[in-house]
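To start, the structure itself, in structure tokens.
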Amino acid sequence: MAYLKPDQPEKVYVPALQKAKRNGEKLVCLTAYNYPTARIVDEAGVEIILVGDSIGNVIHGYGNTIPVTLEEILSATKAVKRGANRALIVSDMPYGSFHINADETVRNALRLMKDGGAEAVKLEGGRNRVDLVNRLVDEEIPVMAHIGLTPQSVHKLGGYSVQGKTTEAAQRLIEDAKLLEDAGAFAIVLELVPREIAAIITHELSIPTVGIGAGSECDIQVLVLHDLLGLTFGRLPRFVRQYADLRSIMSDAVTEWMTDVREGRYPSDKESYGLPSAVELEKLPD
Numbered sequence: 040m041a042y043l044k045p046d047q048p049e050k051v052y053v054p055a056l057q058k059a060k061r062n063g064e065k066l067v068c069l070t071a072y073n074y075p076t077a078r079i080v081d082e083a084g085v086e087i088i089l090v091g092d093s094i095g096n097v098i099h100g101y102g103n104t105i106p107v108t109l110e111e112i113l114s115a116t117k118a119v120k121r122g123a124n125r126a127l128i129v130s131d132m133p134y135g136s137f138h139i140n141a142d143e144t145v146r147n148a149l150r151l152m153k154d155g156g157a158e159a160v161k162l163e164g165g166r167n168r169v170d171l172v173n174r175l176v177d178e179e180i181p182v183m184a185h186i187g188l189t190p191q192s193v194h195k196l197g198g199y200s201v202q203g204k205t206t207e208a209a210q211r212l213i214e215d216a217k218l219l220e221d222a223g224a225f226a227i228v229l230e231l232v233p234r235e236i237a238a239i240i241t242h243e244l245s246i247p248t249v250g251i252g253a254g255s256e257c258d259i260q261v262l263v264l265h266d267l268l269g270l271t272f273g274r275l276p277r278f279v280r281q282y283a284d285l286r287s288i289m290s291d292a293v294t295e296w297m298t299d300v301r302e303g304r305y306p307s308d309k310e311s312y313g314l315p316s317a318v319e320l321e322k323l324p325d
């Protein structure tokens, strides 16, 4: 599908993702939370930018995604929208933004789209979210679903562990995926799901699956940008492959600059401004 290649900057919309699945093409999704990262990943050619509630962990320093607010996602979405011209922009609905009732969920989703510039929203949950997905789709709001490990349920789950490891749990995931597809979701995230179960879901659904820690059979792969670039602290999840060590590069650059300042090497004359030759310095007041 030529119009999804990096050298063809046509805008990516939901139908392009579904066409790619039918054609057996692999697509990519990365998180972004501000203008520069959105512009970089958009120009690199990713098909989807997720304004994820992972902003809480990697930007704001929260221990989990629970504290993230709608206003934080909204602000990040606005910045991402200014930086991305091609990728489909999907904004997470943070914890608490879709829990009260369907009307409030619609209002919050509309804010992300109308005020923030999102082109779709993502919300976590399985069969318990089917009615919400149906309502949002009825209101012409594209929805990406999310099952498996749902980080907003960390307190209920007791941590971050692989989901669907028993026959019963695996069957429930497969059923949830089908129910969410029937409700109108245009794609579904599978997080920390055994690769065999993710493959079954991928092959049985007509909508794309978005894998994170779910094996290679998923139609789309997603990672948190900061994990990929080495800009996080602590141990990385098993499914992350780190492609750069920007934390070390940034630390080295800051250290080198501080040394240059303290030893008088920065700023140099080339990095400073002088008076025009017509100005007689000796005539200036002391």
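Numbering (my numbering), first residue to last: 40 to 325.
Beta carbons are placed, not taken as given, at the ideal position from N, Cα and C, and that holds for glycine.
Residue i, buried or exposed, once every other Cβ within 10 Å from all chains shown has been counted against 16
i: residue 263; result: buried
i: residue 120; result: buried
i: residue 91; result: buried
i: residue 241; result: buried
i: residue 86; result: buried
i: residue 89; result: buried
i: residue 139; result: exposed
i: residue 81; result: buried
i: residue 163; result: buried
i: residue 251; result: buried
i: residue 299; result: exposed
i: residue 308; result: exposed
i: residue 288; result: exposed
i: residue 318; result: exposed
i: residue 45; result: Unreliable positioning characterises residue 45 in this predicted model, as indicated by a pLDDT of 49, which lies under 50. The coordinate reading is nonetheless provided below. The residue in question, residue 45, is exposed, as its Cβ has fewer than 16 Cβ neighbours within 10 Å.
i: residue 229; result: buried
i: residue 75; result: exposed
i: residue 190; result: buried
i: residue 328; result: Only positions 40 to 325 of the chain appear in this structure, which leaves residue 328 out of reach.
i: residue 210; result: exposed
i: residue 214; result: exposed
i: residue 111; result: buried
i: residue 203; result: buried
Bridge-paired residues (DSSP) for residue i
i: residue 131; result: 161
i: residue 185; result: 163 and 228
i: residue 67; result: 260
i: residue 248; result: 227
i: residue 119; result: In the DSSP output, where bridge partners are listed per residue, residue 119 has none listed.
i: residue 279; result: Looking at the DSSP assignment, residue 279 forms no beta bridge with any residue, so it has no partner.
i: residue 87; result: 68 and 127
CA-to-CA distance, residue j to residue i, given in whole angstroms
i: residue 257; j: residue 107; result: 28 Å
i: residue 182; j: residue 243; result: 19 Å
i: residue 272; j: residue 79; result: 22 Å
i: residue 40; j: residue 123; result: Caution applies to residue 40, whose pLDDT of 46 falls short of 50 and renders its modelled position unreliable; the value that the coordinates give is listed next. For residue 40 and residue 123, the distance between alpha carbons rounds to 20 Å.
i: residue 290; j: residue 200; result: 32 Å
i: residue 194; j: residue 134; result: 12 Å
i: residue 51; j: residue 233; result: 29 Å
i: residue 334; j: residue 151; result: Residue 334 falls outside the range modelled here, since the chain spans only 40 to 325, and no answer is possible.
i: residue 125; j: residue 325; result: 57 Å
i: residue 57; j: residue 65; result: 11 Å
i: residue 155; j: residue 132; result: 12 Å
i: residue 212; j: residue 113; result: 30 Å
i: residue 311; j: residue 292; result: 20 Å
i: residue 353; j: residue 302; result: The structure shown has nothing for residue 353, since the chain only spans 40 to 325.
i: residue 83; j: residue 118; result: 18 Å
i: residue 277; j: residue 266; result: 11 Å
i: residue 116; j: residue 169; result: 25 Å
i: residue 255; j: residue 305; result: 49 Å
i: residue 185; j: residue 60; result: 18 Å
i: residue 104; j: residue 62; result: 35 Å
i: residue 100; j: residue 94; result: 8 Å
i: residue 216; j: residue 73; result: 31 Å
i: residue 261; j: residue 248; result: 10 Å
i: residue 97; j: residue 69; result: 14 Å
i: residue 208; j: residue 294; result: 50 Å
i: residue 285; j: residue 297; result: 18 Å
i: residue 54; j: residue 171; result: 22 Å
i: residue 198; j: residue 274; result: 15 Å
i: residue 313; j: residue 253; result: 59 Å
i: residue 49; j: residue 320; result: 57 Å
i: residue 136; j: residue 235; result: 33 Å
i: residue 142; j: residue 109; result: 15 Å
Expected contact under 8 Å - CB spacing of residue i and residue j to nearest Å
i: residue 231; j: residue 187; result: 5 Å
i: residue 128; j: residue 157; result: 5 Å
i: residue 282; j: residue 270; result: Residue 282 to residue 270, Cβ: 11 Å. No contact.
i: residue 160; j: residue 130; result: 6 Å
i: residue 227; j: residue 246; result: 6 Å
Proximity test, residue i beta-carbon vs the ligand FMN heavy atom, cut-off 6 Å
i: residue 82; result: Inclusion of the ligand FMN in the displayed structure is not the case, the ligand content being empty and no account of it being possible.
Exercise. Is it a yes or a no for the segment 213-230 touching the segment 170-190, going by three-plus beta-carbon pairs under 8 Å?
Worked result: Result yes; three or more Cβ-Cβ pairs closer than 8 Å.
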